[in-house]
Amino acid sequence: MPRSVLPVLQSLRFRKKFDNFDLSVLFRTLARVQWCIMKRPVVTTPAKVARVSAVLLIVFVVVAVVSVLTGTAGIGASKVLRSIVSGWREGHLVLAPSEKTILFSIRLPRIIFAGIVGAALSTAGVVFQALLRNPLADPYILGVSGGSAVGAIIGIIIGAGCVPFGIPALAFLGAVLTVALVFVIGSREGRLDSNTLLLAGVIVNAFFSAVIMFFISISSNADLHNIAFWLMGDMSLADGDKIMLMGLLLAVGTGVVYCYARPLNLIVAGEETAMQLGVDVKRTKIVLFFAGSLMTAVAVSFTGIIGFVGLVIPHMMRMALGTDHRLLIPASFLFGASFLVIADTVARVIFPGMELPVGVVTALCGAPYFIYLLRTRST
Amino acid sequence: MSIIKVAEIDFRYKDVWALRDVSFDVRRGEFLGIIGPNGSGKTTLIRVIDGILAPERGDISVKGNNIRGMRRRDLARLVAVVPQDSAMIFPFMALEIVMMGRSPHLGMLRFEGNRDFEIAREAMEMTDTISLADRSIDKLSGGERQRVLIARALAQEPEVVLLDESTAFLDIKHQAAFFGLMKALNREKGLTVLAATHDINLAAAYCDRIMLLKNGRIHSLGAPGEVITEANIREVYETDVLVDANPLNGLPRITLMASKGKGVCSL
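Note that the protein sequences, when read in sequence, are chains A and B. All residue numbers for the first sequence refer to the working numbering, where the first residue is 334 and numbers rise by one. All residue numbers for the second sequence refer to the working numbering, where the first residue is 493 and numbers rise by one.
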């Protein structure tokens with residue numbers, strides 16, 4: 334190993350009898366060799382980003398295909414495969430119209446929807462953990478969840494569900510107003526202070542949970558079921574329009590976030606350090622907080638509060654791939670999508686005849702894993 | 493020729509004045525020490541020169557450009573800072589830290605190229621940190637971590653390096669090694685160094701000129717022999733010291749007189 338050879342060579346350099354042979358050339362060559370060996374596993378290159386993304390994309394496709402073929406309606410893999418094979422021979426798919434509907438109008442949109450929401454929450458989680466320099470941060474930490482929940486519950490109680498996009502619109506309004514409020518509390522002389530923001534978010538969330546409790550205590554039994562489902566995340570409302578809208582917003586948000594991947598690395602190293610290394614910290618923080626909050630607000634408005642995805646996926650990816658956000662952002666995006674599709678599939682099929690809110694599944698898997706993380710991190 | 497011009501700077505935190513009417517020039521290739529008691533404005537001065545704090549009044553120019561209204565990227569190509577210590581919540585590898593120094597030279601979505609790696613390698617060779625490249629920064633010792641931070645500053649290819657009490661947490665061996673390395677870079681590469689430090693003897697040994705700050709004002713500025721005198725130190729630090737000539741190099745050397753409760757304990 335070059336690492337163990339170097340000190341020996343260094344000591345040889347000073348011995349008299351080697352004076353006629355210049356060891357410094359050899360020494361420098363060895364340092365280069367050592368450098369190349371060290372450098373390879375550490376650095377993030379475009380090729381590495383592409384490689385990791387490709388692997389995680391394949392994982393997502395596999396997960397999605399398995400999920401399409403999983404369900405309680407009795408349309409399993411063998412039946413679909415058989416119909417594809419026979420369809421190949423006869424020139425068309427041999428599937429009943431009802432089976433086609435289940436596969437392509439119910440399961441597939443739902444899977445894409447879950448993928449989009451999982452990706453949005455995980456990417457926002459990465460952003461918030463980095464900006465707040467807090468490993469416990471998640472997309473809901475600034476009060477987006479509480480605000481949108483109040484909006485949605487008001488929508489459910491006044492019967493906004495009959496209007497298209499009624500409840501999501503109210504939830505989104507609640508989320509945006511909350512974020513605006515938290516930003517006003519958390520800004521000092523035009524710049525956002527991370528600790529004040531964190532505290533403001535926690536307090537606002539606590540306030541809204543009291544408001545939620547108030548509404549729950551005064552609402553009718555019929556509304557209660559809807560409220561409870563919304564609060565734990567409901568994926569069953571997927572349709573084409575929502576997918577297009579969310580997909581577009583997610584693409585824009587992730588694009589903006591990825592442009593700031595390197596400044597985000599520097600901010601993790603410290604805000605003053607980032608300034609010393611040429612980052613316009615004030616602008617970067619405003620843009621990223623805004624993008625992250627918007628992505629979260631959109632996801633929450635359509636599906637309700639799905640916990641733990643935005644907290645745990647960034648940690649998993651950071652442990653596997655390191656802290657460089659140029660790698661972390663696409664990896665969390667793709668793996669978050671896969672994770673939520675798996676969780677939603679489990680929520681659909683685990684109890685035949687009924688459906689669990691997906692938030693229950695993510696929290697049931699997420700909480701024990703997070704405890705495991707906490708226990709192993711300290712060593 | 494002066495590379496940094498500081499003209500009539502006033503700075504205050506809320507209603508406490510931290511710097512009053514500070515003016516001085518730093519010559520290209522100079523090693524300038526900044527000493528003074530706690531709260532005298534050393535760190536504030538460093539942060540004002542690096543544009544992190546904006547002064548109430550006065551101007552700072554680096555290489556003839558006023559830093560007010562300068563983009564941070566452009567300033568970071570001229571001025572690098574080695575901080576006291578750097579605690580990180582999510583640990584990076586040493587090489588990643590050094591590569592951060594290339595950031596002001598890269599466009600938004602650009603990845604580091606071969607030239608950037610070559611510059612990082614040179615910086616790590618000079619600071620003897622190549623063998624630490626794949627180690628996590630939170631697993632390094634204080635001395636190793638400071639060397640990595642110097643390498644990061646060098647990777648910025650700056651013309652000026654600001655040391656913000658960079659050796660405060662190091663033992664004497666690493667303090668000497670740190671200043672020795674900065675002095676070598678100063679001599680061989682023509683790097684201009686501004687070092688805020690608590691250690692008067694270190695400052696006397698390595699600096700070309702020394703600035704003594706008292707309550708945010710420049711008390712005296714000049715060669716170590718002119719600034720570090722018993723009278724000056726007593727006046728600024730309100731502590732009795734003995735100043736004599738270091739037998740090795742003839743530079744001034746201070747010894748604390750901690751006798752009879754007067755001096756150290758008279759706070």
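Beta carbons are placed, not taken as given, at the ideal position from N, Cα and C, and that holds for glycine.
Name, in chain order, the residues that DSSP records as bridge partners for M650 (chain A).
Answer is none; M650 (chain A) lacks a bridge partner.
7 Å Cβ cutoff, L613 (chain A) in contact with chain B:
Inspection of the sequence shows that residue 613 (chain A) is occupied by Asp rather than by Leu. Yes, because at least one Cβ of chain B sits closer than 7 Å to the Cβ of D613 (chain A).
Three or more C-beta pairs closer than 8 Å, one from the region 483-490 of chain A and one from the region 544-554 of chain A: is that the case here?
Contact holds: three or more Cβ-Cβ distances are below 8 Å.
Is any beta-carbon of chain B found at less than 7 Å from that of P472 (chain A)?
no
Flag this pair as yes or no: are the beta carbons of V733 (chain B) and I746 (chain B) separated by less than 7 Å?
yes
What residue range is occupied by the uninterrupted beta strand (DSSP E) comprising S478 (chain A)?
Run containing S478 (chain A): none in the beta strand (DSSP E); it sits in the alpha helix (DSSP H), 477-491.
Considering only their Cβ atoms, is the gap separating G635 (chain B) from L662 (chain B) smaller than 7 Å?
yes
Just the Cα atoms here: how many angstroms apart are R512 (chain B) and F668 (chain A)?
Counting only the Cα atoms, F668 (chain A) lies some 55 Å from R512 (chain B).
Residue-chain proximity (V844 (chain B), chain A), Cβ-Cβ < 7 Å
With chain B running from 493 to 759 in the structure shown, residue 844 (chain B) is simply not present.
Can at least three beta-carbon pairs, one atom from the region 471-481 of chain A and one from the region 656-670 of chain A, be found at a separation below 8 Å?
no
In whole angstroms, what is the alpha-carbon distance linking V396 (chain A) and V640 (chain B)?
Each residue's alpha carbon lies about 43 Å from the other.
With DSSP as the reference, label Y729 (chain B) as helix, strand or coil.
In the structure shown, Y729 (chain B) sits in a helix (DSSP, three-state: H, G or I).
What did DSSP end up calling A546 (chain B) once you bin it into helix, strand or coil?
A546 (chain B): coil per DSSP, three-state reduction.
Between B:S658, B:L686, B:L740, which has its C-alpha nearest A697 (chain B)'s C-alpha?
Of the candidates B:S658, B:L686, B:L740, the one whose C-alpha sits nearest the C-alpha of A697 (chain B) is B:L740.
Between S416 (chain A) and L599 (chain A), what straight-line distance do the alpha-carbon atoms span, to the nearest angstrom?
54 Å
Length-filtered (3 minimum) beta strand (DSSP E) runs lying within the region 584-667 of chain B
Complete beta strand (DSSP E) runs here, min 3: 652-656.
What is the DSSP secondary structure of V396 (chain A), counted as helix, strand or coil?
helix
Contacts around P501 (chain A), its chain only, beta-carbon distance under 7 Å, and the 5 residues preceding and following it disregarded
S634, F635
In chain order, what are the residue ranges of uninterrupted alpha helix (DSSP H) at least 4 long that sit wholly in the region 499-543 of chain A?
If we require 4 residues or more, the alpha helix (DSSP H) runs fully inside the region 499-543 of chain A come out as 499-519.
Start-end ranges of the alpha helix (DSSP H) lying completely within the region 544-617 of chain A, minimum 4 residues
554-565, 573-592, 594-601, 604-609
Grab the span of the beta strand (DSSP E) containing I683 (chain A) for me, first residue to last.
Segment: none, I683 (chain A) is in no beta strand (DSSP E) and carries neither H nor E.
Under 7 Å between the Cβ atoms of V717 (chain A) and Y591 (chain A)?
Given a span of 334 to 712 for chain A in the structure shown, any question on residue 717 (chain A) remains unanswerable.
The beta strand (DSSP E) spanning P744 (chain B) covers which residue range?
If you look at P744 (chain B), you'll find it in the beta strand (DSSP E) that goes 744-748.
Since E432 (chain A) is in the alpha helix (DSSP H), which residue starts that stretch and which ends it?
430-433
Of the residues that make up the region 463-487 of chain A, which ones have a beta carbon closer than 9 Å to any beta carbon in chain B?
A463, R466, N467, P468
Using only the alpha-carbon positions, how far apart do S520 (chain A) and I619 (chain A) sit?
10 Å
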